[in-house]
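Quick notes on the structure that follows.
Numbering (the numbering used here), first residue to last: 8 to 583.
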């Protein structure tokens, strides 16, 4: 469960009569429709050939899903004024899921706390639209997945007879859902990499001006992913998305050997919205100044007291402290801490806080949101879900892994290519009814420092990411990794930059300590790693005043900075 900025079922088996027929595209006012790809016809033909056979096998298959993903990716990377890599490639991947048994009990059922043994995996698929080659690949992978699923179901049925079952383990293993049909136009982009090759040279050369910067890396990526999906329930989908990202990363070292870094990224979905050189160099100027400040900054000792989190830091705080624990599958797994499993309808945070997860939202104000998608990886339409209403827990982020009180998906079944989808976050957005100006929030912060008799409080201005422990065998704790931290003094002294701390705590207590929020929402885009791999997500929140937050010392290297001075030679052809 790592959030990082890219640098942590009583139904019968399906009968032959229930096989998918040629569907009619649905009417979606937000997504223009086009003709279905010939790829879908070939995938459907193989599905219609395999399902009648496997649905009568022992044990019977009751659900089959085929997903073909075409990924077009261009990447340009530079370091310290020179080009490191420039590439452009297209790949296709095939994923086959065969579920055996029935909706109530199938091969994905967890017994004895064991992890699900079946992972569909992604196999390379032919780039050429040759029906015979594609159908042969699907045939072989379907056979492999059925055999593995059949073996797993036998093991599950044996273990289930001798193990005690929790109440949630009796919920269906797979939810009944309405099939979806949508044919969106293909997503693609046109790109000349040459200008970007020069840009990464120039952007990384800029960092050579600072003695504090030991290494710099700038990466530009353009990616178009198109997904084609058919299932034995009748789902037929084709949709895609284009994303562009520019990442700036620099490293340095403090005199005591602590590794330091600064990171910044730009995200956009339309080529005309790419950042200007002026915007990039402005970000680099800020990054450099902050790294130089961190090199000189003192280490702060462990501390518990008032804290002020800017919007980006607060966003990651909610992602780690609340978001992961609200994922539906964790309420069903006896190995999980199940922090919120039985708290629906109960207050879990102050009554001025509400939280939604809305993957239908592509932007928040001017910011692109990475956690947007039209359909999740189980073919369910994305939708806005109210998770917390005025402090009261209302819902979970649900995949098709059902709960007794939440029997259907709300479009949050997600995965990295090749992994088994589970319920995951999309765009987690924190809303507040107790908002004050940021200036007033700072004044309240200083008053709280004085009220507690503290000399200072800590203000967290930027973060790298964080992680959380949700397993029952582990401490129910979280850790957020700040990069830029300031001491704010009660007596009016100037703020002092410090380093070497991590925010730590436990969720149920930490969520009750929120006193007020600012009036400006900020977005943190990143990639979240958990059981189903690394996926793009966004979190958004206003600045947040917390009456008590604990920090611990960050793990540190003991290697000293380089003994030799930097070379002064300027690489040929690179602008200063």
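Ideal Cβ positions, reconstructed from N, Cα and C, are used throughout, including at glycine.
Quick caveat, the model's predicted, so the values are computed rather than measured.
Counted as a single uninterrupted DSSP element, the stretch harbouring residue 462 is not any alpha helix (DSSP H), since DSSP gives it neither H nor E.
Spatial neighbours of residue 357 in its own chain (CB-CB distance under 6 Å, excluding positions within 5 residues in sequence) are listed in chain order as 398, 521. A Cβ-Cβ contact shorter than 8 Å links residue 85 with residue 211. Residue 454 sits exposed, since fewer than 16 C-beta atoms from the chains shown fall within 10 Å of its C-beta. The criterion of a C-beta distance shorter than 8 Å is satisfied by residue 325 and residue 362. At the C-beta level, residue 434 and residue 379 come within 8 Å of one another. With contacts defined as CB atoms closer than 8 Å, residue 467 and residue 492 qualify as a contacting pair. Between residue 544 and residue 305, the gap from beta carbon to beta carbon reaches 8 Å or more.
Sequence-distant partners of residue 421 (beyond 5 residues in either direction) whose C-beta falls short of 7 Å from its own C-beta, in its chain, are 383, 384, 428, 431, 539, 542.
Residue 419 carries a coil assignment under DSSP once its states are collapsed to helix, strand and coil. Under the DSSP assignment, residue 337 falls outside any alpha helix (DSSP H); it carries neither an H nor an E label.
Annotated as distal: residue 208 and residue 301, with beta-carbon spacing of 8 Å or more. By the CB criterion at 8 Å, residue 200 and residue 81 fall inside the cutoff. Secondary structure of residue 521 (DSSP, three-state): strand.
The C-beta of residue 116 has 16 or more other C-beta atoms within 10 Å across all chains shown, which makes the residue buried. Sequence-distant partners of residue 376 (beyond 5 residues in either direction) whose C-beta falls short of 8 Å from its own C-beta, in its chain, are 368, 369, 370, 434, 530, 532, 545, 547. Each residue's CA atom was taken as its position, placing residue 38 and residue 187 some 13 Å apart. Around the beta carbon of residue 450, fewer than 16 other beta carbons sit within 10 angstroms, so the residue counts as exposed.
Taking a C-beta distance under 8 Å as the contact criterion, residue 130 and residue 100 qualify as a contact pair. Short of 8 Å from the beta carbon of residue 132, and not among the five residues preceding or following it, lie these beta carbons of its own chain, in chain order: 75, 99, 100, 101, 141, 144.
Residue 214 holds the alpha-carbon nearest to the alpha-carbon of residue 290 among 259, 214, 277. Contact between the stretch 214-228 and the stretch 182-198 is absent, with fewer than three C-beta pairs closer than 8 Å. At a Cβ-Cβ threshold of 8 Å, residue 58 and residue 73 do not count as neighbours. Assignment of residue 453 by DSSP, reduced to helix, strand and coil, places it in the helix class. Secondary structure remark: continuous beta strand (DSSP E) runs of at least 3 residues inside the stretch 143-189: none found.
In the DSSP annotation of this structure, the continuous segment of the beta strand (DSSP E) that includes residue 247 starts and ends at 243-260. With contacts defined by Cβ atoms closer than 8 Å, residue 341 and residue 54 do not form a contacting pair.
Collapsing the DSSP output to three states places residue 273 in a strand. Burial is judged here by how many other beta carbons sit within 10 angstroms of a residue's own beta carbon; residue 392 has at least 16 and is buried. Under DSSP, the beta-bridge partners assigned to residue 531 are 546. Rounded to whole angstroms, the separation of the alpha carbons of residue 71 and residue 56 is 12 Å. A Cβ-Cβ separation of about 7 Å places residue 486 in contact with residue 510 under the 8 Å criterion.
In this structure, residue 403 sits away from residue 313, with a CB-CB distance that is not shorter than 8 Å. Setting aside the 5 residues that flank it on each side, residue 217 is surrounded in the same chain by 295, 298, 299, each with a C-beta closer than 8 Å to its C-beta; the list follows chain order.
DSSP places residue 494 in the uninterrupted beta strand (DSSP E) bounded by 485-496.
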